[in-house]
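Data block below; observations after.
Residue numbers (UniProt numbering): 1 to 229.
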């Protein structure tokens with residue numbers, strides 16, 4: 001079942017894209033608010049009452065200051081903002097993204113802004129109802145700068161895939177992990193930890209159930225990735 005969309009928060013740093021996407025949204029009768037990066041969007045949302053929040057956030061993933069992945073992580077662990085739906089927007093999406101809580105869809109970013117018009121219109125006209133959220137506080141994802149530095153050197157599509165799977169692991173933490181998963185497994189030992197594997201990248205996550213937090217403790221790249229191949 002779809003729901004009406006009246007107010008969109010567009011988080012995009014490129015002026016040409018902002019203008020084009022705004023024109024499409026306005027043509028659909030949708031009010032548009034703007035933020036040029038994740039930090040600006042977060043500040044904007046945190047200083048406004050829930051009644052003035054948007055129905056949807058159109059979120060570019062490559063942003064200055066705070067990128068789209070970090071903003072999404074902040075939204076899902078903030079009790080005041082968890083209700084917000086997100087439409088992720090990037091040229092590095094694979095089309096095989098796993099589901100994430102609160103993400104209503106993925107919009108691939110083409111080279112030319114006008115090429116996205118039809119896809120955006122379809123999304124704005126058919127915004128699905130978000131399922132009821134679990135009342136339990138979700139696990140936060142913490143990426144220490146020194147440990148997670150290798151992740152920032154990955155090619156765009158692979159970087160997106162890894163970040164997405166880390167966030168999915170945070171959603172599954174504290175639940176019964178899927179059997180025979182090709183990308184997620186629990187590691188023996190104490191403290192408890194998880195291993196996420198995506199296309200030659202292995203990320204170990206330390207699980208803190210008391211704080212409901214996953215912390216990246218180790219990153220291993222395959223030889224091809226280490227040598228930049």
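We put the CB at the ideal spot given by N, CA and C, even for glycine. All of these numbers come straight from a predicted model, not from anything done at the bench.
Local Cβ density within 10 Å of residue i, reported as buried at 16 or more and exposed below that
| i | result |
| --- | --- |
| residue 111 | exposed |
| residue 12 | buried |
| residue 6 | exposed |
| residue 182 | exposed |
| residue 50 | exposed |
| residue 223 | exposed |
| residue 1 | Reliability fails at residue 1, whose pLDDT of 47 lies under 50, so the model's placement of it is uncertain and the value that follows must be treated cautiously. Residue 1 is exposed by the Cβ-count criterion. |
| residue 52 | exposed |
| residue 83 | exposed |
| residue 67 | buried |
| residue 118 | exposed |
| residue 165 | buried |
Nonlocal neighbours in the same chain, by C-beta distance under 7 Å from residue i, ignoring five residues either side
| i | result |
| --- | --- |
| residue 81 | 45, 75 |
| residue 105 | 87, 123 |
| residue 243 | In this structure the chain extends from 1 to 229, so residue 243 is not present and cannot be described. |
| residue 253 | Residue 253 lies beyond the stretch modelled for the chain, which goes from 1 to 229, so this question has no answer here. |
| residue 18 | 10, 12, 34 |
Residues that residue i bridges to, as DSSP identifies them
| i | result |
| --- | --- |
| residue 105 | 87 |
| residue 218 | 204 |
| residue 36 | Partner(s): none; residue 36 has no beta bridge. |
| residue 198 | 201 |
Cβ neighbours of residue i in the same chain (closer than 6 Å, five flanking residues each side left out)
| i | result |
| --- | --- |
| residue 116 | 110 |
| residue 215 | 142, 206 |
| residue 54 | 7, 8, 9 |
Rounded Cβ spacing between residue i and residue j (contact assumed at less than 8 Å)
| i | j | result |
| --- | --- | --- |
| residue 10 | residue 34 | 5 Å |
| residue 167 | residue 177 | Their Cβ separation, rounded to whole angstroms, is 15 Å, which puts residue 167 and residue 177 out of contact at 8 Å. |
| residue 201 | residue 221 | 6 Å |
| residue 150 | residue 196 | That pair is no contact at about 14 Å. |
| residue 32 | residue 22 | 5 Å |
Neighbourhood of residue i by C-beta, 8 Å cutoff - its chain only, sequence neighbours within 5 removed
| i | result |
| --- | --- |
| residue 70 | 38 |
| residue 147 | 216, 217, 218, 219 |
| residue 85 | 55, 56, 57, 102, 103, 104, 127, 130 |
Heavy atom of the ligand PLP within 6 Å of residue i beta-carbon
| i | result |
| --- | --- |
| residue 29 | Summarising the ligand content, the structure contains no ligands, and the ligand PLP is consequently not present. |
Validate contact between the stretch 189–196 and the stretch 145–154 using beta carbons, cut 8 Å, 3 pairs: The stretch 189–196 is not in contact with the stretch 145–154.
Decide if the stretch 88–106 is in contact with the stretch 47–61; the criterion is three or more beta carbon pairs, one per stretch, under 8 Å apart. Yes: at least three Cβ pairs fall under 8 Å.
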